[in-house]
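Student:
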Amino acid sequence: MLLTIYCFSAPKKFPSSKLVVAGFFGLALFYGLGTTLVGLFPCDAGCPTDVMDSSLAQLIHNAVASLTYVFFPICLMGIGLGLKKSENYNRLSQIAIVTGIVSGIFIFAL
């Protein structure tokens with residue numbers, strides 16, 4: 087929940103950019119609230135991946151977790167690209183873009 091609050095308030099502290107705002111709001115929605123929902127809907131014993139053997143909680147858990155994993159690198163790269171225009175945040179921009187690319191590679195390698 088604290089990450090969600092931070093992500094909703096962070097764009098005010100950075101240079102005005104639609105990509106920065108969209109990236110932080112995406113992180114708030116998918117990573118902040120998504121992680122909370124995943125915790126509220128736990129896995130079944132053994133975390134079955136077969137849809138027919140899964141409970142509703144397991145299906146919600148898998149769906150929200152998948153969205154979180156897919157959108158996290160996209161949002162991070164969006165923040166990095168939005169900060170790229172600002173001279174003061176050039177290094178942070180590079181770190182965000184590289185981290186987003188690396189996390190995307192690892193997520194899709196799963």
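Its first residue numbered 87, the sequence shown is counted upward by one per residue in the working numbering. For glycine and all other residues, C-beta sits at the position ideal for the given N, C-alpha and C. Nothing here was measured: the structure is a model prediction, and the numbers come from that model.
1) Please report the residue range of the alpha helix (DSSP H) in which L115 lies.
2) Using a Cβ-Cβ cutoff of less than 6 Å, which residues in the same chain neighbour L89 once the five nearest sequence positions on both sides are dropped?
3) Compare the C-beta of I160 with all C-beta atoms of chain C and state if any pair is closer than 7 Å.
4) Assuming S95 and K171 make a contact with CB atoms under 8 Å, what is their CB distance in whole Å?
5) In whole angstroms, what is the alpha-carbon distance linking I146 and A182?
6) Measure how close the beta-carbons of M168 and G112 come, nearest whole angstrom, since I'm counting them as under 8 Å.
7) Taking the alpha helix (DSSP H) that C93 falls in, what are its first and last residues?
Tutor: So, to answer that:
1) Premise fails: L115 is in no alpha helix (DSSP H) and is neither H nor E.
2) G118
3) In summary, chain C is missing from the structure at hand, where a single protein chain is found.
4) Not quite, the Cβ-Cβ distance comes to about 21 Å (not below 8 Å), so this is no contact.
5) 29 Å
6) The sequence given here places Gly at residue 168; Met does not occur at that position. Not confirmed; about 12 Å, so no contact.
7) 88-95
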